[in-house]
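Quick notes on the structure that follows.
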Amino acid sequence: MCGITARIGDDESLEDLLVSLKNLEYRGYDSAGIAVQNGTGIEINKCEGEVSELQAELSTADHDGPIGIGHTRWSTHGPPTDANAHPHTGCRGRVVAVHNGIIENYDVLREGLQARGHEFTSDTDTEVIPHLVEERLDAGFDAEAAFRDAIGELDGSYAIAMLIDGDPAVYATRNGSPLVVGVGEDANYLASDVPAFLEFTDRVVYLEDDDVAVITPDDYRITDATGSSVSRPVETVEWDPEDAEKGGYDHYMLKEIHEQPVALRQTIHGRIEGEDVILEDFPPGTFADVSRVQFIACGTSYHAGMYGEWLLSKWGIDANTFIASEYAAFPAPVDEETLVVGVTQSGETADTLEALKNARERGARTLALTNAIGSTAARTCDDALFIRAGPEIGVAATKTFSSQVATLVLLGERLVRDITGDPTDECRERLKALESLPEHVELVLDDSRAATISQRWLGDAGNFFIGRGNAYAVAREGALKFKEITYEHAEGFAAGELKHGPLALVTDETPVFAIGTGEHAKRLESNVREVQTRGAPVIAVAPRTATDLTDTADESLPVPATHPDLVAILANVQLQLIAYHAADELERSIDKPRNLAKSVTVE
Ligand code: AGP
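Numbering (our numbering), first residue to last: 1009 to 1611.
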C-alpha cells in the first residue's frame, strides 16, 4: 500500500527514481510523485494516475537533481487527485515528505497545526508530517532532531522519507510499514521493498521499527528510538533483477503463472531426501511441543492456509485457519503449545502482522511462512520458513500460492513426524509427487485450453467454482483470482453447500468450474448433476482419470494425474489461466486491478 523510494547520489537521480517507482507500482497506482533537490530548491512533480503519466510530464532538466524521493499511492485519506498525490510539503516548501501507512491521530495534529497558522493543501493524513517538522526547524531544532521530535507525535503505522531544502540527505523512519536501505556504489537508495532498486544494488539494510536513518550519497547512519547509533546487518539479496521484469510476456501475471515450475523447484530444492523432509532451520524434533496449529492469513494466502489446515487435519493434527483481519479482535484460544503460522507472501500485510502479534502476546509460538526474507513477519515471528518463489510483481498472487502450498506440505510432514513420531501415511508417494509437481505444472501450461474455454463460457450472471476437501480451498482461490482481475462476479463453494442456498443463483448463464481430485468422486459428480439440472454448463478441472467427473461435465480442463493431495495445486494453475484469459478478453488492467494493491499495509 503505497510505495516510497529515494535515491541519494552526487549526480542525477531522476531516471533511477522513475525506475524505482515503476518497480513499486504494484503497491499502489492511484497517483505518483517525485521531489528532487536541484541546486536551487526542491522541485516537486506529482499527478493522479500511474507513473507513466508522471513520466510524460518530466521532460526538462529542471526536474533532475542528485537527491530525490518518490511515491506511488494507494489512497486511504482523500481521493486520488493531484493535490492528494505525494510528496507533501509544509507551508513554505522547505520540508518535503512521502509516507506509506496511516497516521491515526492526523485529525488532532492537523487541528493543532491549523490553530497555529499552518495551511493545508490536501486531504491526506501525510501532510501533517512536513508541517510538524517545519515547526521544529523554525524553533531551532537541527534537521535530525526536528524529524525525530515530529515523528514522536505520530500514532499509527508509517514509513516516511523526507527531504529538507539545502540539506544533502534523506531522513527516513518506519513504524509498522516496511523500509529498506539499498547500499550502492555510486549512490544509496531507500524503498518500501527491494525490487525498487534491485537493478542498482543487491546490498540491503532492513530498518527496524523506530529506527531513524540519515542517508547521504556515500554513507548512511541509523539510530534507534533512544537516539543511540545502531548497526543493522548489510545483507545480499539473491533475487535476479531480471526476475522482476516482464521478460517478453504481456503481463507480469502471465509471466509469473509460467514461472511456477521454476518457483516450485526452488521451493522444494534440497528439502526432500527419499521419505525425509529437510527444513533448514527446523531439524527433527523442532515442533515436538506443538499440540495445535493455527494458520492466519488474508486473501490468496488464506486459501493456502485452508489447504494447509486440510492437510494437517487429514494427518491427525489439530489445525484451523483464521482470517487475519478478524483474529486480533476475535482471537481463538492459544497456549504455549500452539503454533501460529502467518502465511504471507509479502510478510508485510498489516492484518496478518497484527494477528501474529496478538497470538505472540498471548503466549503462542509464531512462524512466518513467507516469500520475503527481510520482511516484518520474518523478523518479528519466532521463526521463519521461506517459500523461495522469487519476486512476484503482479497484484494477483499466482506462483506464490503454489509455493506456499508446497511449503505447507513439507512443513506438515515435519509437524506430523515431530508430534506423532511417525511420517504420514503415503509420505513417500506424496513427496515423490511433490518432486514431480514442477513437471506436472509444465504439462498444464503447455497444453491448457483455458484461453478457449474462458471465451466460450464467461458467465453473464456469475462464475462459480466448486470443490471438496483441498479442492474447496482452490475453488475459493479460483473465484478470488477471477473476480480480482476480471471484475466479474465469481464465488467459490464447498460443492456440498450449493444445495443449502447458493443453488438458487445457478442458471444456464452461470458456468460452474468443478475441481476434482479423484477423492469422493461420486459425491462431486452428484453436485455437478445438481447444477446441470438447473442448466449450468460445467467445466471439470481434474485428472483425465477422474472419469466420473470428466464424463459428466460439458467441458474439461485436464491436469496430470498425481497424488490426490496435490491435484488441486495443478487445477489451480488452470484456474489462474482461466482468470487471466477472461480478464485479457475483457481488456482489464491485469497486473494492476482497480482499487487493489499487492501489499496491504493498512488494517
Ligand atoms: C490475491 O491475488 C491478492 N494479492 C491478495 O489476496 C493477497 O494474497 C493478500 O493481500 C495477502 O497478501 P500476503 O500474502 O502478502 O500477506
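Just so you know, even glycine gets a beta-carbon here, dropped at the ideal spot from N, CA and C.
CA-to-CA, the gap between N1046 and T1134 works out to about 23 angstroms. Between the alpha carbons of R1081 and I1052 lies a distance of about 15 angstroms. Approximately 25 angstroms separates the beta-carbon atoms of V1449 and L1604; this is outside 8 angstroms, ruling out the contact.
Within the model, the alpha-carbon separation for N1113 versus A1154 is close to 19 angstroms. By the Cβ neighbour-count rule, H1079 is buried, with 16 or more other Cβ atoms within 10 Å of its own. For the region 1180 to 1254, the full-length beta strand (DSSP E) segments reaching 3 residues or more read 1188 to 1191, 1195 to 1199, 1211 to 1214, 1220 to 1224, 1227 to 1231 along the chain. A direct Cα-to-Cα measurement between D1024 and A1040 gives close to 15 angstroms. V1610 and G1164 have their alpha carbons spaced roughly 10 angstroms apart. Relative to the Cα of F1394, the nearest Cα in the group V1141, L1418, V1116 belongs to L1418. Only residues of its own chain outside the window of five on either side were considered, and among them A1271, N1379, K1407, T1408, S1411 have a CB closer than 6 angstroms to the CB of A1397, listed in chain order. Assigned with DSSP and collapsed to three states, S1039 falls in strand.
Across the set A1487, D1573, R1542, E1492, the C-alpha of D1573 shows the shortest separation from the C-alpha of H1528.
Residue environment for F1338: exposed (fewer than 16 other C-beta atoms within 10 angstroms of its C-beta).
V1403 has its alpha-carbon roughly 14 angstroms from the corresponding atom of K1030.
In the DSSP annotation of this structure, the continuous segment of the beta strand (DSSP E) that includes K1054 starts and ends at 1050 to 1056. Going by beta carbons, F1501 and F1521 fall outside the 8 angstroms limit. Between the alpha carbons of G1293 and L1423 lies a distance of about 9 angstroms. Burial check for S1028: the Cβ neighbour count within 10 Å reaches 16 or more, so the residue is buried. For the ligand AGP, a non-hydrogen atom lies closer than 7 angstroms to the CB of E1492.
By the Cβ-count criterion, A1512 is exposed, with fewer than 16 other Cβ atoms from all chains shown falling within 10 Å of its own Cβ. Within the DSSP bridge table, the entry for R1438 names no partner. Here DSSP, grouped into helix, strand and coil, assigns G1475 to strand.
Under the Cβ criterion (8 angstroms, minimum of three pairs), the region 1315 to 1326 does not count as touching the region 1275 to 1291. In the DSSP assignment, R1081 falls within the unbroken beta strand (DSSP E) covering 1075 to 1081. If you ignore the 5 residues before and after Y1480, its C-beta comes within less than 7 angstroms of the C-beta of A1502, all in its own chain and listed in chain order. Looking at the backbone, the Cα of G1120 and that of V1191 are separated by about 38 angstroms. G1475 and H1497 have their C-alpha atoms roughly 18 angstroms apart. At a threshold of 7 angstroms, C1306 counts as near the ligand AGP, since its beta carbon sits closer than that to one of the ligand's heavy atoms. Here the C-alpha atom of A1093 lies approximately 30 angstroms from the C-alpha atom of D1227.
Of C1055, D1019, G1086, I1012, the smallest CA-CA separation from I1077 is found for I1012. In this structure, the CA atom of L1364 is about 23 angstroms from the CA atom of E1400.
In terms of Cβ geometry, T1231 and V1242 do not form a close pair [threshold 8 angstroms]. At a cut-off of 7 angstroms, the beta-carbon of K1263 does not count as near the ligand AGP: no heavy atom of the ligand is closer than that. A Cβ-Cβ distance of about 5 angstroms is found for the pair N1580 and V1482, placing them in contact under the 8 angstroms criterion. For F1155, no beta strand (DSSP E) run applies; the uninterrupted alpha helix (DSSP H) run containing it begins and ends at 1151 to 1159, by DSSP.
A distance below 8 angstroms between beta-carbons, with the five flanking residues on each side excluded, links V1285 to the following residues of its chain, in chain order: R1279, L1418, E1421, R1422, R1425, L1439.
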